[in-house]
């Protein structure tokens with residue numbers, strides 16, 4: 001920053017940059033400084049917060065609000081401010097606000113502030129706080145390059161505690177890919193699979209995997225978010241009655257309305273239902289097309305189940321190799337679906353095969369020859385969405 005500012009003060013007026021260049025440089029600096037917060041800086045600040053947790057200011061947070069969940073010292077009292085009283089996004093049971101978080105080193109960073117919704121003065125307050133505690137406890141223990149980092153909990157920007165995380169201005173993955181058709185879609189799919197694999201390996205079911213719950217940074221890297229209905233397997237107190245979003249739900253999560261199931265038995269999300277949802281999201285990522293013929297209500301007749309499985313003819317942009325992997329994720333019997341680890345491995349192989357086929361099918365134009373190397377311009381075919389025009393150097 002100082003080097004750039006010094007260039008504005010040079011004695012020779014002709015050497016000073018034009019204002020358009022100044023604006024461009026400042027915009028780039030803003031993006032690089034506080035557009036998205038990387039995991040390493042989050043973790044370093046968490047360490048500082050924990051070391052400060054014995055201070056009187058942090059102890060006071062529990063005096064002011066004894067119900068505030070203790071998540072490893074990540075209490076952000078006095079360090080978070082809202083940019084607006086109006087949310088920029090809404091979830092099923094929460095509003096999301098833009099804000100600023102002051103790190104231990106004094107640097108301010110843009111953040112997303114998640115506020116759980118409930119009717120004040122009603123008996124929903126206890127349930128809302130229970131949901132917040134559950135989400136905070138799950139989220140605070142997660143650390144993976146494809147999961148949104150958890151910064152902490154704050155209780156002085158709203159009448160009740162809120163959850164704080166980095167702000168991703170590029171939006172969710174489906175929005176990002178529609179605006180950036182040249183993005184690397186296979187890498188995005190594998191990134192989401194890797195994040196979900198980490199959750200399952202740690203005994204956590206996400207429960208609501210869908211496009212809006214995968215955010216993207218300025219590099220196009222995906223991050224799974226929203227652990228509001230996630231649960232820890234084999235742990236009491238981590239149950240939820242919510243089973244996700246209808247278009248992405250596995251068949252076993254729907255309530256049968258013609259006597260085909262016991263109404264006393266509530267469906268429950270599992271790692272297998274996560275795999276089902278992941279495969280639907282993968283189709284959206286690969287095609288940038290909305291899901292076809294998906295249900296919009298959580299009730300279904302038995303004869304409708306057979307129509308839930310996606311049809312190959314509806315998604316012709318997906319290769320046969322990729323489809324064969326995804327199709328197994330939609331088996332009616334949850335036990336017949338592959339694990340997310342197996343899905344990730346097989347999709348990686350399928351994408352590698354697709355890359356070779358795409359390069360074989362693309363058009364090459366010889367630009368020049370340097371010593372023993374031919375330099376080509378590679379122009380992908382129109383349906384090869386994740387390949388950009390590029391220069392290839394091929395030895396001969």
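In the UniProt record's numbering, the protein residues as written are 1 to 396. For each residue, glycine too, the CB sits at the ideal point set by N, CA and C.
Start-to-end residues for the beta strand (DSSP E) that takes in residue i
| i | result |
| --- | --- |
| residue 222 | 222 to 224 |
| residue 149 | First-last for residue 149: undefined, no H or E at that position. |
| residue 215 | 214 to 216 |
| residue 228 | Per DSSP, residue 228 belongs to no beta strand (DSSP E) and is neither H nor E. |
| residue 112 | 108 to 116 |
| residue 96 | 94 to 102 |
| residue 82 | 80 to 82 |
From the options, residue whose alpha carbon lies closest to that of residue i
| i | options | result |
| --- | --- | --- |
| residue 307 | 331, 284, 193 | 331 |
| residue 291 | 133, 248, 324 | 248 |
| residue 305 | 230, 254, 186, 97 | 254 |
| residue 159 | 115, 152, 142, 6 | 115 |
| residue 326 | 303, 230, 350 | 350 |
| residue 202 | 152, 289, 271, 136 | 271 |
| residue 146 | 225, 302, 17, 15 | 225 |
| residue 333 | 352, 252, 185, 311 | 252 |
| residue 87 | 20, 167, 9 | 167 |
| residue 250 | 19, 111, 7, 299 | 299 |
| residue 342 | 194, 301, 318, 177 | 194 |
| residue 113 | 155, 141, 131 | 155 |
| residue 213 | 205, 204, 223 | 223 |
| residue 294 | 268, 303, 309, 183 | 309 |
Cβ separation of residue i and residue j, assumed to be a contact under 8 Å, to the nearest whole Å
| i | j | result |
| --- | --- | --- |
| residue 277 | residue 199 | About 12 Å separates the two Cβ atoms, so there is no contact after all. |
| residue 281 | residue 322 | Wrong, their Cβ atoms sit about 13 Å apart, outside the cutoff. |
| residue 227 | residue 138 | 5 Å |
| residue 284 | residue 220 | Between residue 220 and residue 284 the Cβ distance is about 15 Å, and since that is not below 8 Å, they are no contact. |
| residue 274 | residue 196 | 6 Å |
| residue 82 | residue 97 | 5 Å |
| residue 279 | residue 329 | 3 Å |
| residue 136 | residue 153 | 6 Å |
| residue 404 | residue 117 | Lying outside 1 to 396, the shown extent of the chain, residue 404 is not represented and no answer is given. |
| residue 80 | residue 157 | 5 Å |
| residue 162 | residue 111 | Actually they do not touch by this definition, with Cβ atoms about 10 Å apart. |
| residue 311 | residue 287 | With 8 Å as the limit, residue 311 and residue 287 do not qualify as a contact, their Cβ atoms being about 13 Å apart. |
Limits of the alpha helix (DSSP H) - the one that residue i falls within
| i | result |
| --- | --- |
| residue 397 | No answer is possible for residue 397: it lies beyond the span of the chain, which begins at 1 and ends at 396. |
| residue 6 | 2 to 8 |
Within-8 Å CB hit, residue i to chain C
| i | result |
| --- | --- |
| residue 315 | Looking at the structure shown, chain C is missing, and only one protein chain is on hand. |
Worksheet item: Taking the runs of the alpha helix (DSSP H) that are 4 residues or longer, which of them lie wholly in the stretch 261 to 343?
Response: 271 to 287, 320 to 328
Worksheet item: Counting pairs of beta carbons, one from the stretch 165 to 172 and one from the stretch 185 to 201, are three or more of them closer than 8 Å?
Response: no
Practice prompt. Output the residue ranges of the beta strand (DSSP E) runs that lie fully inside the stretch 153 to 180 and measure 3 residues or longer, sorted by chain position.
Written response: Within the stretch 153 to 180, the complete beta strand (DSSP E) segments of 3 residues or longer fall at 162 to 166, listed in chain order.
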